[in-house]
Amino acid sequence: MAYVIVFGPLLAAIIAGVFQKQIGDRVAQSITTGLVVLSALLSIVMFFDVALGGNERTIELARWMAVGAFEFSWAIKLDTLSSVMLVVITSVSALVHIYSWGYMAEDPHRARFFSYLSLFTFAMLSLVTADNLLQMFFGWEGVGLASYLLIGFWYKKPSANNAAIKAFVTNRVGDFGLALGVMAIFTIFGTIRFDEIFAAIPAHQDTILTFFGMNFNALELIAFLLFIGAMGKSAQFFLHVWLPDAMEGPTPVSALIHAATMVTAGVFLVCRMHPVFELAPNTSAFITFIGAFTALFAATVGLAQNDIKRVIAYSTCSQLGYMFFAAGLGLYSASMFHLFTHAFFKALLFLGAGSVIHALHHEQDMRNMGGIFRMVPVTWVMMLIGTLALTGVGIPMLGLGFAGFYSKDMIIEEAFMMGQEGLPFGMMAFWIGVIAAGLTSFYSWRLVFFTFHGKYRGDKHTLDHAHETPILLFPLLVLAVGAVFAGAVFKDHFVGKHAFDFWGDSLPAGPYAEGNYPEYKAAYETAQGVGAQSQGESHDGAGDTHGEVAQAEASHGDDHGAVTDTHGGVHGDEHSAEAHEGDHHGHHPPVWVLWMPFGATLFGFVLAIYFYVIKEGLPARIAEKSGPLHAFLSNKWYVDEIYDFLFVRSVRGLGDLLWKVGDQRIIDGFGPNGVAATVLASARRLARLQSGYLYHYAFVMLIGVLGLTLWFVAGTGAH
Amino acid sequence: MTGDLLLADLRLLAPEVLLAVGAMAFLMVGAYTRAQDGAARIVSLLTLALFLVAALVSIFYVPSEGGTAFQGALIVDDFSRYAKAAVLLAAFISLILAQNYLEQEKLAKFEYPILMALSVLGMTIMVSANDLITMYMGLELQSLALYVLAAFNRDSLRASEAGLKYFVLGALSSGLLLYGASLIYGFSGTTNFAGIAEAVAAEPSLGLMFGMIFLLSGLAFKISAAPFHMWTPDVYEGSPTPVTAFFATAPKLAAMALIARVLMQPFAEMVHDWQQVVMVLSVLSMAVGAFGALTQTNIKRLLAYSSIGNMGFALVGLAAGTSIGLWALLLYLTLYVISVAGSFGIVLSMRRSDGMVERIEDLAGLAQTRPGLGWSMTALMLSIGGLPFFVGFFGKLFVFYAAVSSGLIIFTVIAGLLSVVSMAYYLRVVKVIWFDEPDGSSFLPATFSVNAVVLVTGSATVALLPFMYVMFRFVMQAGSGLG
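Here the protein sequences line up with chains A and B, keeping their order.
Throughout the first sequence, residue numbering follows the numbering used here, covering 84 to 802 in sequence.
Throughout the second sequence, residue numbering follows the numbering used here, covering 148 to 630 in sequence.
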């Protein structure tokens, strides 16, 4: 089953990519879509088996390399963490495949497009199912490549090409950090297998690593380098510049890669490596800070964008910020929960935006939209659902709301708790979370009002043909279901009372127990029991992998020990004290904290109504007056300009130099233009040197002596 | 020094003594002969005889066991005897070629053969030099005579320019050479080659190496190896053609022999060091020779580049640094001298009613108008180019063989490729001779001596093939004298 999930998309990509001429677009589309849908269905089964059934295992496919201690295999690691990712990736990918049937219907290169989509899916799957860092790194690079191909899919569009290059290069910076991190891990631990690394972590808590002549705590350094990689992939501040530009790619690509899957790889990395991050408090603080800052920064920029996809892109950036600051505060399961719900409603929003764009013949500028909800009613409803989910509408205390309500409010509340317990940047993260929630609400509703309500501002002719395409709507419906219910259904498992059962040893369940401390404790005890049970099961089921699983289970025990230790200082005492008092609501934040996000969201909504419905046209006037704030925001804090100044110009200068001198003169000069031409040219050059002037000759002689001497010194430098 | 010892030394140096005495005696003959034309002719004939006798003396009279003379200042061995004989014979041929030309161009003065004799004396001292001082003395004697010869046609602007250029650059090269010699002396404490060899073997200091490089640079100028070749095309073109023919043959032999001795004897222990430098000189020379010749229109300039390139190929043998390399070098040089002498014979035959011509196009249709010349030139060009079934092929074959047997594979491959490039312009000459239409005016008949040289050398390129074995024996014996 696992084989089909992971390699189905690869097979599809190869068939569609290699045989596209022979089999034609329609067959290629059918094969890729079919296999990815199959993969998605199996992933759901796998999710029930692994995450809910607690049946964790690692399937070793092939020993890949064994050079001394450097030894690892291709493997499919199935635990709750990866099975959650499997569901997210394959289901969104399957829906995007289906959606693309409609969206790309008129594109002449559909087979190639579908092939890339499937290739991306495979790369992402091999990333999340890796049981070692190298396989993960390969998947990581693979998604980078697929992302490059897909952003630049319309390669005749210069902006798309530029965006693809920008994405690739920016990611390369992050990847470099990741690569260094992997090397540092190998240096310290002598292995790159997750199980072995995690088992060895306690022994290396105080190891010092020298890097650039400075001494660092090894775990801090490793965590930091890994996070640099995560920043690139997940578009965190200062490495985020590629994400908005990546919107040049086709909209299904934006939904798949730049909302639901690839950009979450960074979050996944941090969660996967959480034992390292747990013991790296300084780096965790840094992650909190960057995450919170990105959440705020992207939300403010989102206020002033006019391209419908860019608004959603900045929104993605901002939501990723939430995930990161949650991870930085040690709330890994909450982070994953938000990742899970976010995948549904963000993909929904993107595909909804795609539907609008498709209906309006590739018009992306919101200033040319307005009042079209009658033309695209289903899309309109879907976008409303997506917006409600994104802004996290729900009623606190009752615990009833859309998906984003559960995950986002959970993060904000827990950030408050963490802040109260003194974790660095905890309080800042809380307040930024609240403010960003308000901003999110404002720009999301602005998008809805701007696009669907008010007067139509675009070309009348376009409007006449505006229509919805049924095939585009089916994925929207499925995603809308997720956006509404994903939070409510899975809350208990991800961050609630079943969290311990659910996560097993893949993630710490977190300090939230829904105010139900005895259950919290019982869950912990059960988890160990389940662990022992699953060990026995995997022994029966997986044969050869038994040893490794057993090892994993052994480390499982340690792991929990470590988790309770680390949290022990923070929560453990508190919990035990509370336990004695029998206070069921010991872990609940104050009531005002619960209402804060709701209030902020409501405030943003009201503001948006005021500006874009009641006083329609006011924002345009504000923009016309173009205060410095608006310019600052609409120019995205001038980050691109800073980049241009710092990197692009200098690098382009270097590139020009290499191109003009290196390529044109040296390579073209001596290579393809023919040996004969070169021979004649050198003959002429020699003739020119043979000028007849005595001093030229004398000069050549002296240079000759000098050259011989240098050559000699270089050639026999040993003496 | 007892009389016996002095006599023994003089017997070793009989060719040099003969040349020195002869040159001064003939100077008197020339000065005291009334009729200047007659004087020139008489002195020329006498000098020809002198060269021949000196060659015979160096082969048969000089004791074959050799030895050093004048407290090690000079040395006589198989190598120097072979080189001396070759130099003398090359000079002999050059002088034969000169005779007719000088009379036609009103340059027939008796100083010409005398200067040649003095220059050849310098060369014989060079090939026998066993001391830095002797080496420099021989070199300067040779060079000074050549400077004058280059400008021998003193009313011609081109010839004067050629002489001046050669002189100034020659002085510069002498400066380099002397600087190197002083470094070597400073670091070894002796000017004697054997002493230097000991110092090098004892401690190959950096000073000695730099001295060797400067010395080598100065000597490279004499064989016109790149990047010290710049004077060659201008001087070859500007000088009177017989002088050019002389330049291209005897001095090259002598200077190359000197370089071989310097590197193989005093600096034998540093073979891996100088190998690098020699390879650079060699590759540069081959490249300059090959590429430089492609665009030339003047046959003398073409032959100048050809000689630069051929010195590069000769250096391939030297770069091997073994006795195989040495005899390959000698073989190559010998065959080269034969071919070049013949080629200049052709150039000297390029006389029309309105005077000498030097352009390559002037050879058009030579195969029809003058079949003998045409065939000879074809054979000579193909031989220099190294086409199989001509002797020149064996010259190249053995220098490459020597380099390969020393493990210089890449270097040999480069040399082979450049040999292919250089073939292009030799073939161009052949094409002009056979396939281009003659423009009507044919060359005037040349004198018997020139014709004889052309025909002999031309046929030698093929006729020597059965006798290669004999040549091998000679050069092997000579080469072992040094290695």
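Glycine included, each C-beta is placed from N, C-alpha and C at the ideal position.
Spatial distance of residue i from residue j (CA atoms)
i: V324/A; j: S337/A; result: 15 Å
i: I531/B; j: V164/B; result: 35 Å
i: G665/A; j: Q503/A; result: For G665/A, the predicted model reports a pLDDT of 37, less than 50, meaning its position is unreliable and no value from the coordinates is stated.
i: L473/A; j: A206/A; result: 27 Å
i: F621/B; j: A245/B; result: 29 Å
i: F360/A; j: Y186/A; result: 41 Å
i: V315/B; j: Y776/A; result: 12 Å
i: A230/B; j: E508/B; result: 36 Å
i: L159/B; j: F226/B; result: 14 Å
i: G456/B; j: S432/B; result: 5 Å
i: L489/B; j: A348/B; result: For the sequence presented, residue 489/B should be read as Gly rather than Leu. Between G489/B and A348/B, the C-alpha separation is close to 43 Å.
i: Y332/B; j: T338/B; result: 6 Å
i: F90/A; j: V120/A; result: 13 Å
i: S156/A; j: A134/A; result: 24 Å
i: Q218/B; j: E287/B; result: 21 Å
i: I305/A; j: V265/A; result: 8 Å
i: G469/A; j: S527/A; result: 9 Å
i: K160/A; j: T141/A; result: 4 Å
i: L564/B; j: F460/B; result: 12 Å
i: I471/B; j: I280/B; result: 29 Å
i: A519/A; j: D108/A; result: 44 Å
i: E446/A; j: G537/A; result: 17 Å
i: F639/B; j: L574/B; result: Shown here, chain B extends from 148 to 630; a query on residue 639/B therefore has no answer.
i: M129/A; j: G454/A; result: 44 Å
i: L477/B; j: L629/B; result: 12 Å
i: K604/A; j: W184/A; result: With a pLDDT of only 44 at K604/A, under 50, the local geometry of the prediction cannot be trusted, and the value read off the model is given with reservation. Between K604/A and W184/A, the C-alpha separation is close to 50 Å.
i: L591/B; j: M458/B; result: 33 Å
i: P241/A; j: D328/A; result: 12 Å
Bridge partners - residue i, DSSP secondary structure assignment
i: M168/A; result: BP columns for M168/A are empty, so no partner.
i: E345/B; result: For E345/B, which the question treats as bridged, DSSP gives no partner whatsoever.
i: L483/A; result: I478/A
i: G502/B; result: R499/B
i: R140/A; result: L161/A
i: N389/A; result: According to DSSP, N389/A bridges with nothing at all.
i: N215/A; result: R276/A
Residue i, DSSP secondary structure in three states
i: F203/A; result: helix
i: I370/B; result: coil
i: R276/A; result: strand
i: E361/A; result: helix
i: T278/B; result: Here residue 278/B turns out to be Asp, not Thr, going by the sequence shown. In this structure, D278/B counts as strand in the three-state DSSP scheme.
i: L412/A; result: coil
i: I222/B; result: strand
i: I291/A; result: strand
i: N445/B; result: strand
i: F568/A; result: helix
Residue range of the unbroken alpha helix (DSSP H) whose run includes residue i
i: I114/A; result: Q103 to F130
i: A301/A; result: A301 to K316
i: Q515/B; result: L513 to T516
i: I557/B; result: I556 to F582
i: F533/A; result: G509 to F535
i: V204/B; result: V204/B -> no alpha helix (DSSP H), and no H or E assigned at all.
i: W237/A; result: Per DSSP, W237/A belongs to no alpha helix (DSSP H) and is neither H nor E.
Residue span of the beta strand (DSSP E) that contains residue i, given as start and end
i: A378/A; result: Taken as a continuous stretch (DSSP letters only), A378/A belongs to no beta strand (DSSP E), being part of the alpha helix (DSSP H) at P364 to L386.
i: T215/B; result: G214 to A216
i: I692/A; result: Per DSSP, I692/A belongs to no beta strand (DSSP E); it is in the alpha helix (DSSP H), V674 to I692.
Residues of the region 430–452 of chain B with a CB closer than 7 Å to any CB of chain C: list them in chain order, please. Checking the listed chains, one finds no chain C in this structure; the protein chains it contains are A and B.
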